[in-house]
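J.: I have a structure here, written as structure tokens, and I will follow up with some questions on it.
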Amino acid sequence: MEIRVRFAPSPTGGLHIGGVRTALYNYLFAKKMGGKMLLRIEDTDQKRFVPGAEEYIIESLKWVGIQIDEGQGVGGPHAPYRQSERREIYQQYAQQLLDAGHAYYAFDTEDEIEAMRQRLQAAGAANTSYNALTRTQMRNSLTLGADETKRLMDAGTPYVVRAKIPLKEEIRFKDLIRDWQVVHANTLDDKVLMKSDGLPTYHLANIVDDHLMQITHVIRGEEWLPSAPLHVLLYKFFGWQAPQFAHLPLILKPDLLDEKGNVIEVRHGKLSKRDADEMNFPIFPLTWNGTNDNDEDITSVGYREAGYYTDALINFLALLGWNDGSDKEFFTVDELVQSFSLERVHKAGSKFDIRKAKWFNQHYLRAKSDTELAAGVVEALKRQNIACTTEKAEKIVRLMKERVTFPQEIHEQTMFLFAASETYDATAVQTKWNAEAAGLLSNFKDELTTLTDFNAEAAKHTLHVVLEKAGVKIGKVMPALRLALTGAANGPDLMQIMDILGRDETQNRIALALGKLGR
RNA sequence: GGUCCAUUCGUCUAGGGGUUAGGACGCAUCCCUUUCACGGAUGAAACACGGGUUCGAUUCCCGUAUGGACUACCA
């Protein structure tokens, strides 16, 4: 039988990084088994629908390299793949459950249900849910009888369809990650299957679609574990074979850190979209423009825009909750597909640590060719209307490659190569700029004129000659020279910087500094 | 409160009845060096606790604690 998995997000906003990992594990499993990956949009809650979210999800998956074989955006034999367009299908199956006596109509208002809970709570009941016990005291087709039920429905009274959970039944299923799960039906409640707006809840839609779309493996987040018994029961009600389940551990939110990496505040709970505006790391794959809890417009910078490479992000994410049993840290997507297995997915949740993601990014950046990185530099500068030849860009890349984590840092940290810094690092000026250094710089500047060939090697030689003549160690002038050339107290190799700057600009900047900072 | 799930360095994790409990990120120190990075070396750092079972438990079992998820006409 063909392996078929699905990723089924609801379009309620940006796809957060935990969702990306869920999609990734589905993808890796499908690829490994030679199966298919489906994308289904679970938009049965019209209140939470966010325009643009679906497109965002599709684009995000595309960016991280997760190919969808069938489903929303690509089509397929089980279309439509958007649940809001499958309304009639769910109604039909709900009716089937109703007819078989596995579901019933309920007319209770919100207030009536609340009153029941209050009553139960006051009586000291541990369980206040709408279930096999309490439904006997509520307004539903079971207590009202067929005639009254028909009368109410004919009168247009709002109703929901609830699952009729048996009082006594042991529900068991095997989770691929957590092994056997046994739950007694008396701990379940009569979940709403069809809402009063005629749309199904997740539980019904999910089971019906997974069955119809021939899903063999349901790989989803741990938050679904408590409702899995209900799902198993529904499959049984329908007389369908349930798919295999694999409930993934949650990604937990990290503690709040300051710039230095010290813990400001210990945080608990699963990582959620709401953390986006508070944590100082991306939570969405692509930049997302949305609103926060206070309905204010916010922009959350995505991993793509922050300069993360997809292979780095995938590598990092794959290892958050899974490993192959070895010390291996770097995996290509192909290698991940080869070695992935649900059995080796962890049971416990893992705290998200952006520092490791950065480390992966740095590693992948270094693996890029100079040519590729240089092209990025040229393009980025072009957007700022700064001209830069490929040759110069490659020199810059060689200068910066080992020093940065993100590609954009290459040009951001070398802007001094395109325009002399307006300011000089104040503390460095105070401690490193003095008459002696200034004098030596002046000599050096003059000496450069005599060179026939100006390059890093020649500049270095010239500097040494000047220093030897004065009987001074190199440490005396270097900080001052750096100040003059870059305005900063530290940075990449100065000889290479002079090489890129060229003789004229090097001399100009020394002269400029001499004028501004004094001799 | 109830139901369910989990628990190895700060974090991600390997391991598994007998190990100096391994690796990685991060951190610290030293080396390299014109600075800052990079790189190299070294170091600090963990089996939540209590009972069993056993010759022996971090590993198996049971409790406790802690953390987490769920407990909606949200997914």
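If you want our numbering, it's the position in the first sequence, counting the first as 1, plus 19.
Each residue gets a CB set at the ideal place from its N, CA and C atoms; glycine is no exception.
The model shown is predicted, which means the values in this text are computed figures rather than measured ones.
Can you give the beta carbon distance from Thr310 to Val320, rounded, assuming they're within the 8 Å contact cut?
T.: Reading the first sequence from its first residue, position 291 is the one you call residue 310. Reading the first sequence from its first residue, position 301 is the one you call residue 320. Actually they are not in contact, since the Cβ atoms of Thr310 and Val320 sit about 16 Å apart, beyond 8 Å.
J.: Could you tell me the distance, in whole angstroms, from the CA atom of Arg286 to the CA atom of Pro273?
T.: As a working note, residue 286 is residue 267 in the first sequence. As a working note, residue 273 is residue 254 in the first sequence. Between the alpha carbons of Arg286 and Pro273 lies a distance of about 6 Å.
J.: Just curious, the beta strand (DSSP E) that Asn380 is in, first and last residue?
T.: To locate residue 380, count along the first sequence from 1; it is residue 361. Careful: Asn380 lies outside any beta strand (DSSP E), inside the alpha helix (DSSP H) at Ile373 to Ala386.
J.: With DSSP as the reference, label Pro219 as helix, strand or coil.
T.: Along the first sequence, read from residue 1 onward, the residue named residue 219 stands at position 200. Looking at Pro219 - three-state DSSP - the assignment turns out to be strand.
J.: In terms of alpha-carbon separation, which member of Asp444, Glu428, Lys495 and Gln91 lies closest to Ala454?
T.: Start at 1 with the first residue of the first sequence, and residue 454 comes out as number 435. It is Lys495.
J.: Just reading off the beta strand (DSSP E) that Glu362 is part of, what are its end residues?
T.: Taking the first residue of the first sequence as 1, we reach residue 362 at position 343. Segment: none, Glu362 is in no beta strand (DSSP E) and carries neither H nor E.
J.: What's the call for Ile493, buried or exposed, on a 16-neighbour Cβ count within 10 Å?
T.: By 1-based counting over the first sequence, the position of residue 493 is 474. Of the residues assessed, Ile493 falls on the exposed side of the cut-off, its CB having fewer than 16 other CB atoms within 10 angstroms.
J.: Counting pairs of Cβ atoms below 8 Å between the region 46-63 and the region 89-109, do you hit three or more?
T.: Yes: at least three Cβ pairs fall under 8 Å.
J.: According to the neighbour-count rule (16 or more other Cβ atoms, all chains shown, within 10 Å of its Cβ), is Ile283 buried or exposed?
T.: One-based indexing of the first sequence puts residue 283 at position 264. The residue in question, Ile283, is exposed, as its Cβ has fewer than 16 Cβ neighbours within 10 Å.
J.: Suppose contacts are defined by Cβ-Cβ distances below 8 Å. Is Met232 in contact with Arg25 by that definition?
T.: Position 213 of the first sequence, counted from the first residue, corresponds to residue 232. Position 6 of the first sequence, counted from the first residue, corresponds to residue 25. Their beta carbons are under 8 Å apart, which means Met232 touches Arg25 by this criterion.
J.: By DSSP's criteria, Val202 is part of a beta bridge. Which residues make up the other side?
T.: Taking the first sequence and counting its residues from 1, one reaches residue 202 at position 183. DSSP lists Ile190 as partners of Val202.
J.: CA-CA distance, Ala141 and Gly217?
T.: Counting from 1 along the first sequence, the entry for residue 141 is found at position 122. Counting from 1 along the first sequence, the entry for residue 217 is found at position 198. C-alpha separation (whole angstroms): 34 Å.
J.: Tell me the start and end of each unbroken alpha helix (DSSP H) in the region 439-481 that is at least 4 residues and wholly inside, in chain order.
T.: 445-451 and 454-467
J.: If you draw a straight line from the alpha carbon of Met172 to that of Leu161, how long is it in whole angstroms?
T.: Position 153 of the first sequence, counted from the start, is the residue given in the question as residue 172. Position 142 of the first sequence, counted from the start, is the residue given in the question as residue 161. A straight-line Cα-Cα distance of about 14 Å links Met172 and Leu161.
J.: My guess is that Leu502 and Asp444 are in contact by the Cβ rule of under 8 Å, so how many angstroms apart are they, rounded?
T.: Here residue 502 is taken as the residue at index 483 of the first sequence, counted from 1. Here residue 444 is taken as the residue at index 425 of the first sequence, counted from 1. Their Cβ separation, rounded to whole angstroms, is 7 Å, which keeps Leu502 and Asp444 in contact under 8 Å.
J.: Please report how far the alpha carbon of Val179 lies from the alpha carbon of Thr220, in whole angstroms.
T.: To locate residue 179, count along the first sequence from 1; it is residue 160. To locate residue 220, count along the first sequence from 1; it is residue 201. The C-alpha of Thr220 is placed about 10 Å away from the C-alpha of Val179.
J.: To which residues of the same chain is Ile429 closer than 8 Å at the C-beta, ignoring the five residues directly before and after it?
T.: What you label residue 429 is simply residue 410 of the first sequence in a count that begins at 1. Contacts found: Leu392, Gly395, Val396, Ile415, Val416, Met419, Lys420 and Val423.
J.: Relative to the alpha-carbon of Thr450, which residue among Ser345, Asn404 and Pro498 has its alpha-carbon at the smallest distance?
T.: Within the first sequence, numbered from 1, the residue matching residue 450 stands at position 431. The candidate whose alpha carbon is nearest that of Thr450 is Pro498.
J.: Would you kindly report the start and end of the unbroken alpha helix (DSSP H) that includes Phe264?
T.: The count along the first sequence starts at 1 and reaches residue 264 at position 245. For Phe264, no alpha helix (DSSP H) run applies; the uninterrupted beta strand (DSSP E) run containing it begins and ends at Gln263 to Leu267, by DSSP.
J.: May I ask you to report which of helix, strand or coil DSSP gives His236?
T.: In the first sequence, residue 236 corresponds to position 217, counting from 1. In the structure shown, His236 sits in a strand (DSSP, three-state: E or B).
J.: Give me the residue from Trp199, Arg181, Arg197 and Lys375 with the minimum Cα distance to Leu207.
T.: For the purposes of this step, residue 207 is identified with residue 188 of the first sequence, where counting begins at 1. Here the closest residue by C-alpha is Arg181.
J.: For Met298 and Ala376, what's the separation of their Cα atoms in angstroms?
T.: Your numbering for residue 298 matches position 279 in the first sequence. Your numbering for residue 376 matches position 357 in the first sequence. Roughly 15 Å separates the two Cα atoms.
J.: On the premise that Val83 lies in contact with Ile302, defined as a C-beta separation below 8 Å, what is that separation, rounded to the nearest angstrom?
T.: The residue given as residue 302 occupies position 283 in the first sequence. The residue given as residue 83 occupies position 64 in the first sequence. About 14 Å; that fails the 8 Å criterion.
J.: Among residues of its own chain, excluding the 5 on either side of Pro344, which ones have a beta-carbon nearer than 7 Å to its beta-carbon?
T.: Position 325 of the first sequence holds residue 344. Pro is not the amino acid found at residue 344; the sequence shown has Gly there. Excluding sequence positions up to five before and after Gly344, its CB lies within less than 7 Å of the CB of Arg363, all in the same chain and listed in chain order.
J.: What number of angstroms, rounded off, separates the C-alpha of Val227 from the C-alpha of Gln260?
T.: On the first sequence, residue 227 is found 208 positions in, with the first residue counted as 1. On the first sequence, residue 260 is found 241 positions in, with the first residue counted as 1. For Val227 and Gln260, the distance between alpha carbons rounds to 12 Å.
J.: Among residues of its own chain, excluding the 5 on either side of Asn308, which ones have a beta-carbon nearer than 6 Å to its beta-carbon?
T.: In the first sequence, the residue the question calls residue 308 occupies position 289. Here the set comprises Thr318.
J.: Helix, strand or coil: which one does DSSP assign to Gly326?
T.: For the purposes of this step, residue 326 is taken as residue 307 along the first sequence, with counting starting at 1. If DSSP states are grouped into helix, strand and coil, Gly326 belongs with coil.
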